[in-house]
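Scroll down for the structure; my scribbles are underneath it.
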Amino acid sequence: MNEHPHDHGGPHHHATDQGAHADVDGGTSSSLNSPPAASSAVAGTIYTCPMHPEIRQDHSGNCPICGMSLEPVMPTFDEDDSELRDFRRRFWWTLPLTVVVTVLAMFGHRLGWFDMGTQSWVELVLSLPVVLWAGWPFFVRCWQSIVSRNPNMWTLIGLGTGAAFGYSVVATVAPQVFPDSFVSMGRVAVYFEAAVVIISLTLLGQVLELKARSQTSAAIKSLLGLAPKTARRIAPDGSEADVPLDHVHVGDLLRVRPGEKVPVDGVVVEGSSSVDESMLTGEPLPVGKRVGDGLIGATLNTSGALVMRSEKVGSATVLSQIVQMVAQAQRSKAPLQRLADVVAGKFVIVVVLIAIATFFAWGLWGPEPSWVYALINAVAVLIIACPCALGLATPMSVMVATGRAATQGVLFRDAAAIEKLREVDTLIVDKTGTLTEGRPAFDRAVGVGAYDEAEVLRLAASLDQGSEHPLADAIVAAARERKLALDTPDEFDSGTGIGVRGTVAGQRLALGNTTLMDQEGVDVTPVAAQAEALRSEGASVIHLAVNGQLAGLLAVTDPVKASTPEALNKLHAAGLRIIMATGDGVTTARAVAARLGIDEVHGEVKPADKLALVEQLQQQGRVVAMAGDGINDAPALARADVGIAMGTGTDVAMTSAQLTLVKGDLRGIAMARNISQDTVRNMHQNLWFAFLYNGIGVPIAAGLLYPWTDWLLSPMIAALAMSLSSASVIFNALRLRVR
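Positions 1 to 739 (full-length UniProt numbering) are the ones given, in order, by the sequence shown.
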């Protein structure tokens, strides 16, 4: 905005006024951390797949296409986390067994605790709980993928671990059916460790994934927590009572006392006050409200008492609409792993066909005992094709890249953001708190006649000492910083929407906008040109009159962050088009944009307008990133291809976004783009490593080279090759740390 708060009905109020205050531009009161006790019942909840939103059903379960756990379309406070708790329990209870089996497999012959035949039985007993209990959900998903004819990663995991475990059970229970060439160190080689390690690692991955997915609903829960729990309803007989918010109906009269939140959307019918709407509109200054003015639910009444008539309740309120927009935007995203699932779906069909062909080819035409050779070679094919490396290819790169980014103050929320950020060609930025500091700061004072700059500032600060308004704080802080001697006001009077009056050291002062000056009969013509020039630079202008005569004016601005010009230069150099969309006035927005060289400006925009702007640009084929810090930015942050939140902003903004700049420094976007490019390149390399080992190992495991070289790939060598492919992926991903 380019006016003093009194221009918009934001009066100074006396220090005795009570009430909590929201932070400038999106900061919220402590109620954000205190969600309402009421929540939606699970009954009637619709569940969908985050990767396949066309899947919708009235009960929880797994997606029939990809096998992912379904999640509620609209998260609730009592969100069901039973699957996360179940997987966590399965992982921790069986991890010791996995460790013991692996140690025995690697060092059992050296430890000498058992003879090798007995050791196979010990490994079998220890592996049973891991495979049949901890790994049971994976086998169920594998079976579902087969029944539904949607092969995916679970198909490979189920077949690979099942083949390794089943082969090892046969080798332990009936070792005599295997040829002598497969006896090593006194026993037929078993691969229990391959099965249990794959299951434990997969469980760990599922625990981490489920925890991450549960956080995606945090933005919606925080938004729901903004609404007050009750409203004070005025009955027709004049009596008042607090009622639950869901008992408020359209047309009810409600009282909103100082320091309370507005319960629902409506209109003022009695009283006047200053309302902080920053949590929803992004406007950093409180807005004056008088009879006939509209009120938005969940905003904070900072001073006077109001009586309002409710006009929109329930899902029709602005807050509820923002909740719905955030939820819908979040569901529109598809995780990066979808590509890997598509590849795996085709890959598993090829692997299974090769394993079947290997089994029958060796059984029908191989040397005796042909069917034993057939079983061993088919198992070797399935083991070497087990998707450890494929499963690690993207998560390892993401894990290393997010760690590297975090050390530089950049937090990625998911892999999709890392992949998409490198493609972004348009960046939408909010002004307050993103380009600017987000808090008012004194800029300058201009004296008239006998009053110099210091005296104008001293008198204004003396009068403003009794106020809690952000602009008043900036003026008082500037005076104290200059060590000016302030007088205590003898009188203090707030004129809603126009300014304040008072007496300081026997002089009658008036501080406010041109309307207040008109009421006082003060001519502001001598400073009109300077005032307009200051407004065009983005400043809020306040006039000061002493004993009915103009003494000067003061300018308060929201200063641009020191890092912003450098950040925008880097982003322009990277080829990004930068658009500013702010709830502030058009004059202020254009002034800031001109100073920073921003390509396009949109002022006085509402949350829905920002969302519409993102969608419009996406329809034009643009890949859009949105950077903001307020609750009003949440829908656009969620809908953008990449949402970027300032770490200095609200929790809702950060949980709606996929990328958070911890220090609120836009230079982090250019840094994050570089990390994105490096990471995606690394992912592609890892996928090539994974498929390279399979491309070489599968034909050898199938025995294609046997007629010419007598080479066969035993399951033990197949497991080693599988481990090597995983190690290659891990070491390649670790290179991201030093780029």
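Where is the CB? At the ideal position from N, CA and C, for every residue including glycine.
Based on DSSP bridge pairs, tell me the residues matched to residue i.
i	result
HIS602	ALA581
PHE442	VAL556
TYR47	GLN57, PRO72
residue 806	Lying before the first or after the last residue shown, residue 806 is absent from the chain, which here runs from 1 to 739.
ASN62	SER69
ALA545	ALA510, LEU550
VAL410	LEU661
THR436	VAL560
GLY112	Paired residue(s): none; GLY112 is not in a bridge.
GLY447	GLY552
Just to confirm, are residue i and residue j a CB contact at a threshold of 8 Å?
i	j	result
LEU421	ALA174	no
THR557	ALA441	yes
GLY259	MET308	no
VAL243	ALA231	yes
ALA460	LEU596	no
LYS312	VAL248	no
ARG501	ASN547	no
VAL323	ILE296	no
VAL504	LEU463	yes
VAL131	ALA195	yes
ILE55	ILE65	yes
VAL729	ALA393	yes
ASP612	LEU637	According to the sequence displayed, residue 612 carries Ala and not Asp. The answer is no: Cβ separation not under 8 Å.
THR299	VAL268	no
residue 800	ILE384	Any question about residue 800 goes unanswered here, given that the chain covers just 1 to 739.
GLY409	GLY628	no
LEU661	ARG413	no
residue 750	ILE198	Residue 750 is absent from the model: the chain starts at 1 and stops at 739.
LEU435	VAL601	no
VAL424	VAL623	yes
ALA589	LYS346	no
residue 742	PRO286	No statement about residue 742 is possible, as the shown extent of the chain runs from 1 to 739 and does not include it.
TRP133	ARG90	yes
Go ahead and label residue i buried or exposed: buried means 16 or more other beta carbons lie within 10 angstroms of its beta carbon, across all protein chains shown.
i	result
SER397	buried
VAL348	buried
PRO707	exposed
PRO236	exposed
GLU532	exposed
ALA562	exposed
PHE360	exposed
ASP180	exposed
ASP490	exposed
SER315	exposed
TRP365	exposed
ASN732	buried
PHE689	buried
HIS684	exposed
ARG110	exposed
TRP154	buried
ASP25	Residue confidence for ASP25 is low, a pLDDT of 32 falling below 50, so the modelled location carries little weight; the figure read from the coordinates is stated next. When all chains shown are included, ASP25 counts as buried.
TRP362	buried
ARG233	buried
ASP246	exposed
ASP58	exposed
residue 740	The displayed coordinates of the chain run from 1 to 739. Any statement about residue 740 would go beyond what the structure contains.
PHE107	exposed
ARG735	exposed
VAL125	exposed
Does residue i have its Cβ less than 8 Å from a Cβ in chain D?
i	result
ALA589	Given the protein chain composition of this structure (a single chain), no chain D is represented.
query: Unbroken beta strand (DSSP E) runs of length 3 or more, entirely within the segment 464-542: which are they?
result: With a minimum length of 3 residues, the continuous beta strand (DSSP E) runs that stay inside the segment 464-542 are 491-495, 499-504, 507-512.
- request: Any chance you could list the alpha helix (DSSP H) runs of at least 4 consecutive residues sitting entirely within the UniProt domain "P-type ATPase A" (226-326), in chain order?
  value: The qualifying runs are 278-281.
task: Answer yes if the segment 96-114 comes into contact with the segment 142-159, meaning at least three C-beta pairs across the two stretches below 8 Å, and no otherwise.
output: No, because fewer than three Cβ pairs between the segment 142-159 and the segment 96-114 fall closer than 8 Å, the two stretches do not touch.
- prompt: Contact between the segment 665-676 and the segment 406-419: three or more CB pairs below 8 Å?
  reply: A contact is defined here as three or more CB-CB pairs under 8 Å, and the segment 665-676 meets this definition with respect to the segment 406-419.
- prompt: In the segment 633-711, which residue ranges form an unbroken alpha helix (DSSP H) of at least 4 residues, counting only runs that do not cross its ends?
  reply: The qualifying runs are 634-639, 651-656, 667-702, 706-709.
Alpha helix (DSSP H) runs contained entirely in the segment 126-204, provided each spans 4 or more residues: The DSSP assignment places complete alpha helix (DSSP H) segments of no fewer than 4 residues inside the segment 126-204 at 136-147, 153-173, in order along the chain.
message: Counting beta carbon pairs with one atom in the segment 631-643 and one in the segment 375-386, are three or more of them shorter than 8 Å?
response: Three or more Cβ pairs closer than 8 Å define a contact, and the segment 375-386 falls short of that threshold against the segment 631-643.
Alpha helix (DSSP H) segments (min. 4 residues) lying fully within the segment 350-392: If only complete runs of 4 or more residues are kept, the segment 350-392 shows the alpha helix (DSSP H) at 370-384, in order along the chain.
message: I'd like to know if the segment 476-485 and the segment 559-579 are in contact, where contact means that at least 3 CB-CB pairs between them fall below 8 Å.
response: Contact annotation: the segment 476-485 does not touch the segment 559-579, with fewer than three C-beta pairs closer than 8 Å.
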